[in-house]
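To keep things clear, I will list the structure first and then write my remarks on it.
In this note's numbering, the protein residues as written are 2 to 447.
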């Protein structure tokens, strides 16, 4: 052991010794404080994510804001005014948003409905009412749901209304939320909502009547909440993409398994299929895809147009996708497509041409190993006529196609919305996956 005689040290040495002593003491204190905080934060994060033995809902409680009716039920009452050229939304908000039952499909199932994707606000709200870890005490909640029908509100006022009307309800919502005690706990970081359209419908960047959409997601109060949309903004960390609703809404595991067994065992007489219409924009490859499909004896094409076309028939869509091994998914007006989910629920392997159509969007829902359930063909190669879609798809062996189809069928439960009139039994659906994603995100933020 080394000893130091302070009496033999000069004053300058004493100063240096004193400085070193207090410096070391200070650093030591910082170390132990940091260690304590690290332990505390780790303990907090693990208790937030993992349920306790005594309470299986610990860290999973959801509180639903009791919004004034003008933010949801009044919108439904007013929906006769929706201006959508090819449909009347009123019939589609029946059955808690599922729409009328389908009765003329080859597989008659009580779980099939003529569902409009823009009913998602209503479907999600009704479905989360049956979430198994709800609480009426917001102080116990890990996340807070905002039941605002943002997509349906957009649909009421987008056409033939000025921006004052389009922005009215979003602004009122922002003011209402920011006045609640729940909001001030984390500044809205533990809040989440569904906006059943693409994110671009809620990001009007200027206050000009001729511009598209409203400015819901650009309001300062909305910057912290998690927003679940059909297509997210890749530059906004609060946006999360969730599936477009399909026509299949099982209420129990038996209905789900029967459907999976059926689509897995179907005879598929076409190598590939496409449902869609050309786009007028110069960067779209829709025309090239349609031309290749028309030129191939192995492609089943369902051409879509404006107005009441065959593409608006759920039976026609499902029949097409159930007939083919691969289903082409070129981007439309935006990169994402409802057709992706209609195809996968039909057991058809999707063929993508743009990573933004699925890979970069549905990170909570689709595996990172994209080749296990899909095919990717470079969009630019199709545009330049350098690739034959038929040739690429023909090179997959029967065993490879079967393995991809089995993976697609395995993914079906997490891509669908169970019947929202009760809690689906025996499987996790798209709502469960979304809630899990939100809870993980809030736990990290905390």
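All C-beta atoms in this analysis are idealised placements derived from N, C-alpha and C, irrespective of residue type, glycine included.
Just so you know, the alpha carbons of residue 206 and residue 222 end up roughly 16 Å apart. By the C-beta density criterion, residue 365 is buried, having at least 16 other C-beta atoms within 10 angstroms. Take residue 233, set aside five residues on each side of it, and the residues of its chain with a beta-carbon closer than 7 Å to its own are 200, 240, 241, 242 and 362, in chain order.
For residue 277, the beta-bridge partners assigned by DSSP are 304.
Within the same chain, and ignoring the five residues on either side of residue 426 in sequence, the residues whose Cβ sits closer than 7 Å to its Cβ are 253 and 254.
The C-beta distance from residue 260 to residue 299 rounds to 26 Å, too long to fall under 8 Å, and the pair is not in contact.
With a beta-carbon spacing of about 5 Å, residue 410 and residue 348 fall inside the 8 Å limit used to define contacts. Taking one beta carbon from each stretch, the region 185-204 and the region 73-81 have fewer than 3 pairs nearer than 8 Å; the two do not touch. With respect to residue 70, residue 98 sits apart: the two C-beta atoms are not nearer than 8 Å. For the pair residue 245 and residue 387, the Cα-to-Cα distance works out to about 32 Å.
It is roughly 43 Å from the alpha-carbon of residue 115 to the alpha-carbon of residue 55. By the criterion of a C-beta distance shorter than 6 Å, residue 293 is surrounded in its chain by 390, once the five residues flanking it on both sides are discounted. Given a length threshold of 3 residues, the region 367-428 has no whole run of the beta strand (DSSP E) inside it. Taking residue 380 as the centre and dropping the five residues before and after it, the same chain places the C-beta of 286, 354 and 355 closer than 7 Å to its C-beta, in chain order.
Residue 122 sits buried, since 16 or more C-beta atoms from the chains shown fall within 10 Å of its C-beta.
About 11 Å separates the beta carbons of residue 301 and residue 326, which is beyond the 8 Å limit, so they are not a contact pair. Per DSSP, the continuous alpha helix (DSSP H) segment holding residue 320 begins and ends at 315-323. Annotated three-state conformation of residue 232 is strand, per DSSP. The way I'd put it, the region 124-137 doesn't touch the region 165-184; fewer than three beta-carbon pairs between them come closer than 8 Å. Every alpha helix (DSSP H) of 4 residues or more that sits fully in the region 127-190 is shown, in chain order, as 151-158, 164-179 and 182-187. For residue 284, there is no enclosing alpha helix (DSSP H), since its DSSP letter is neither H nor E. Scanning 269, 284 and 288 for the CA closest to the CA of residue 278 turns up 288. In chain order, 272 and 299 place their CB closer than 8 Å to the CB of residue 395, counting only its own chain and leaving out the 5 sequence neighbours on each side. Boundaries cannot be given for residue 90, as no alpha helix (DSSP H) includes it and DSSP labels it neither H nor E.
Remark: C-beta atoms of residue 442 and residue 139 do not approach each other more closely than 8 Å.
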